[in-house]
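Colleague:
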Amino acid sequence: MKMKKMLAVGLTCSLAAMLAAGCSDSGKTSGKSSDSGVAHLEFFSSKMENVSTMQKLVDKFNNQNTDVEVTLNSPADAGTVLKTRMTKDDLPDIIAYGGDNIYTELTEAGILLDLSDQEVLKTINDSYMQMVYDINGDKAEKAYGIPFAANASGVIYNTDLFQKAGVTIPETWDEFIEVCEKLSAAGIQPFELSFKDSWTILPSWNSLAPATQPEGFLDAKKEGTATFLGTHEEVLEKYSKLVNYAQTDFMGTSYDDGNRSFANGEAAMLINGVWAVPEIKKTNESINLDMFAYPATNDKSKNKVVSGIDVMLMVTNQCKNPEAAKRFVAFMLEPENSQLYINEQFAFSPVEGVVQEDASVAGLAKDIADGKVTDFVDHYYPNGYNLSAILSEFFLNKANGMDESENIAATLKKCDEQYDILNTR
Amino acid sequence: MNKHRNNHISPAFYLMVVPVAALFFLLHTVPFLKGIFYSFTNWKGYGSWEFIGFKNFLQFFKDPSIKQAYGFTFQFALSATVLVNVLSLSLACGLNGKIRGKNLLKALYFLPYMLGTLIIGFVFNFIFGNIIPGFGKTAGIPGLSVNILGTSKAWLGVLFVTVWQSMAFNTMIYLSGLQTVDKDIYDAASVDGAVGLQRFIKITFPLIAPFFTINMVLSVKSFLMAFDQIMAMTGGGPGTATTTISMLIYKRGFDGGQFAYQSANAVILFLVVASISVFQLKILEKREAKVN
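Sequences listed follow chains W and R, in order. Letter 352 of the first sequence, counting from 1, is numbered 352 in our numbering, and no numbers are missing. One gets our numbering by counting positions in the second sequence from 1 and adding 1000 to each.
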């Protein structure tokens, strides 16, 4: 029995130990040296998906500039790698990263060069520059990074089904509901929702919240002078109303299953971003679909496309040859190169005059070109804020038949509590 | 004794033990100690950090999400342990009888254990998400026409899969236990008139008590640390309804920048599991000693 006891305790301890195990990172060191007049620059890119396109652009730049040699480095789990290198004071020369709280941390650490004086800045759409200023650690109007590519979210719809039901693209909230009614009347299921993967709950929130929340809410919330309770009731009321037009099992449908149903024409609309379009086309190559901006309110001027900075370019203060690095950034933002990127990566360009012409997202392209965009609000909530779990619980309560106003109040209270725990400012 | 100590011991024994011990220490013990170390800091998983004493552990007792995760985990572990042991013991008794196709059945029952939990999770994800609702809709049963993993009963779905998979290993252990029981004892028992359930309770079960002990300890331990099946099937949802302690540690520790805080959570989970196991062994072994 002694042996068994030891075995049991030993196994118990060892398995528990696994849980406590830490993670280790492998920071890559960059070989920077200036030999024979050629400037070697390391270009650190955070997206694995765009490696081939980035490499094409880097090769093109290297061919055009004999005095500079740019090397692309696109590691897995780039955020962790970058943060680790930051602590080791071993920074790359040029960074391509999304416009999220990592960028904010980089600006706060003061390691990025101010690119405000760059000529190329004049070609960038103002709304995207505003997003950069909003996520600057000090909120200053300085370009520590220049937007290079944007993504977008809204409503994806099946154009054939819209035609069949005789409805047109809604521009206001009331029209939106009317479209849902008409689709239902024509025997077409208006929405396919996939809340089993709880992140798909966020796109609607990201469209509804910025259009309905009070002016300056995000800053006030950060300072602790505002609450979700009392300001975000409309968001949940409207959201809850839309869910009534979805399939019965919206809580048990996964993202993949939802995309598949939509691709097979089982529903007229999906609420998600451009990234879902290639997934849908995997199931049904010939589907006719387009996107429109989420009509969150009855005030047309408030209904904007939710679009965030997917990639922005930065130059660090450890860069040995800032002039060459800036030349590289300007090169990337040349209309021709930007066009190549958005065509291959299914993205939008913040560069004025560079338009995404793919028919599947044509409905958004005009709004984006006009600068009628708003950023993803959830990028402004604290790191680790699990809004999707809170909202998932809201809809679970709804499915269980909980009283609506009680559910809304309880959910918003939870939103506040969890925000305040994480808000360390 | 002294004479033996001076005898030459073949280096082969050291060669067998030392490399594994070194690897174990390096890959297991060191990260474990590091985890304990970081639980006393405010490290986010990167960047600078400082010692903050027992702050993480104090916060632990005030955190509502931790309370919820512990509540769910204990409910889950208790249900799973009871179900797995009852079912696998009866399965083992059946397989120990002189039935036809015994070996084929044994192999079949052992199959789930050889598959990875993640794979099983994904397979059942499909069954719960597509096959069962499809059947429910055709048959017109509203209770079956939605994915159970998207309802407040999601934990029952996860429980089912966990029990289904875990039974294999426990059945194996019970079966080997049953095979150690001497046939003569049964003959003697039948002479005394003990048959059926009575024979099982009075004779068989006490004799396989050590196997019951090991099964209970291993079940409780593995269910308190349930992770893979939850990760594959619900991701802790809907809401936070199926978030186990391990799931919380992973989610908040790696995504939420709470590395040190969740290390403290892991240290506490370790202490909880270790003390429950020791407690179980004490109680169950005392009982074993009594019946033997």
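Even for Gly, the Cβ is constructed at its ideal location relative to N, Cα and C.
For the alpha helix (DSSP H) holding R:Gln1075, just list the boundary residues, first then last.
Modeller: Element bounds for R:Gln1075: 1064-1096.
Colleague: Does the beta-carbon distance from W:Leu333 to W:Thr123 come in below 8 Å?
Modeller: For W:Leu333 and W:Thr123, yes; Cβs fall inside 8 Å.
Colleague: I need the DSSP call for W:Ser254, collapsed to helix, strand or coil.
Modeller: Correct three-state label for W:Ser254: coil.
Colleague: What residues from the segment 253-286 of chain W come within 8 Å of chain R, judged by C-beta to C-beta, listed N to C?
Modeller: Correct list: Thr253, Ser254, Asp257.
Colleague: Along chain W, which residues have their Cβ under 8 Å away from the Cβ of R:Gly1255?
Modeller: Looking at the sequence itself, residue 1255 of chain R is Asp, so the reference to Gly does not match. The contacting residues are Gly384.
Colleague: Check the Cβ of W:Thr248 against every Cβ in chain R and list those closer than 8 Å, keeping chain order.
Modeller: Here the neighbours are Ser1145, Val1146.
Colleague: Just mark R:Gln1180 as buried or exposed, buried being the case when its beta carbon has 16 or more other beta carbons within 10 Å.
Modeller: Just to set this straight, residue 1180 of chain R is Thr in the shown sequence, not Gln. So R:Thr1180 counts as exposed.
Colleague: List, from N- to C-terminal side, the alpha helix (DSSP H) runs of 4 residues or more that fit wholly inside the segment 1117-1183 of chain R.
Modeller: DSSP runs (the alpha helix (DSSP H)) wholly in the segment 1117-1183 of chain R: 1117-1126, 1132-1139, 1154-1180.
Colleague: Between W:Gly27 and chain R, is any beta-carbon pair separated by less than 8 Å?
Modeller: Here the model assigns W:Gly27 a pLDDT of 35, short of 50, so the residue's position is not dependable, and the following value carries that caveat. Closer than 8 Å: no.
Colleague: Which stretch, first to last residue, makes up the beta strand (DSSP E) that contains W:Thr71?
Modeller: Segment 68-73, the beta strand (DSSP E) holding W:Thr71.
Colleague: So which residues on chain W does R:Pro1206 lean against when the C-beta distance must stay under 9 Å?
Modeller: Under the 9 Å cutoff, chain W gives no residues; its nearest Cβ is about 14 Å from R:Pro1206.
Colleague: Which residues does DSSP list as the beta-bridge partners of W:Tyr157?
Modeller: Looking at the DSSP assignment, W:Tyr157 forms a beta bridge with W:Met269, W:Asp290.
Colleague: Would you say W:Ser360 reaches chain R, if we count a Cβ-Cβ gap shorter than 8 Å as a contact?
Modeller: It does not; no Cβ of chain R falls within 8 Å.
Colleague: Anything in the segment 80-113 of chain W with a Cβ closer than 8 Å to a Cβ of chain R? List those residues in chain order, please.
Modeller: Answer in chain order: Thr80, Lys83, Thr84, Met86, Thr87.
Colleague: Using 10 angstroms around the beta-carbon of R:Tyr1014, count the other beta-carbons present and answer buried if the total reaches 16, otherwise exposed.
Modeller: Flag for R:Tyr1014 reads exposed.
Colleague: What runs of the alpha helix (DSSP H), each 4 residues or longer, lie entirely inside the segment 169-208 of chain W?
Modeller: Qualifying alpha helix (DSSP H) stretches, in chain order: 173-185.
Colleague: Mapping the DSSP letters down to three states, classify W:Phe262 as helix, strand or coil.
Modeller: Correct three-state label for W:Phe262: helix.
Colleague: Quick test of your reading: W:Ala293 and W:Lys302, contact by CB under 8 Å. State the CB separation rounded to the nearest angstrom.
Modeller: That pair is no contact at about 10 Å.
Colleague: Under 8 Å: do the segment 261-269 of chain W and the segment 135-144 of chain W share three or more Cβ pairs, one atom per stretch?
Modeller: Short answer: they don't touch.
Colleague: Determine whether the Cβ of W:Asn407 lies closer than 8 Å to any Cβ atom of chain R.
Modeller: False, the Cβ-Cβ gap to chain R never drops below 8 Å.
Colleague: Counting contacts by CB-CB distance shorter than 8 Å, is W:Tyr419 in contact with chain R?
Modeller: It does not; no Cβ of chain R falls within 8 Å.
Colleague: Between the segment 1233-1242 of chain R and the segment 1257-1270 of chain R, do three or more beta carbon pairs fall short of 8 Å?
Modeller: They do not touch, by the three-pair rule.
Colleague: Could you check the C-alpha separation between W:Asp174 and R:Met1247 for me, to the nearest Å?
Modeller: Approximately 41 Å, taken between the alpha carbons.
Colleague: Would a check of beta-carbon distances place W:Ser207 closer than 8 Å to chain C?
Modeller: Absence of chain C from the displayed structure is noted, the protein chains being W and R.
Colleague: Can you say whether R:Ala1022 is buried or exposed, counting buried as having 16 or more other CB atoms within 10 angstroms of its CB?
Modeller: Exposed: under 16 other Cβ atoms inside 10 Å.
Colleague: Between the segment 1132-1163 of chain R and chain W, which residues of the former have CB atoms less than 8 Å from a CB of the latter, in chain order?
Modeller: Against chain W - using a Cβ distance shorter than 8 Å - the residues of the segment 1132-1163 of chain R are Pro1133, Ser1145, Val1146, Asn1147, Ile1148, Leu1149, Gly1150, Thr1151, Ser1152.
Colleague: Considering just the uninterrupted stretch of the alpha helix (DSSP H) at W:Phe217, what are its terminal residues?
Modeller: Note, W:Phe217: alpha helix (DSSP H), 217-223.
Colleague: If you drop the 5 nearest sequence neighbours on each side, which residues of the same chain put their C-beta closer than 7 Å to that of W:Leu202?
Modeller: Answer for W:Leu202: Asp378, Leu387, Ser388, listed in chain order.
Colleague: Looking at the C-beta of R:Arg1252, does it have a partner C-beta in chain W at a distance below 8 Å?
Modeller: Output row for R:Arg1252: interface = yes.
Colleague: Check distances from the C-beta atoms of the segment 191-220 of chain W to those of chain R and list, in chain order, the residues that come in under 9 Å.
Modeller: Of all residues in the segment 191-220 of chain W, Phe195, Lys196, Asp197, Ser198 have a Cβ within less than 9 Å of some Cβ in chain R.
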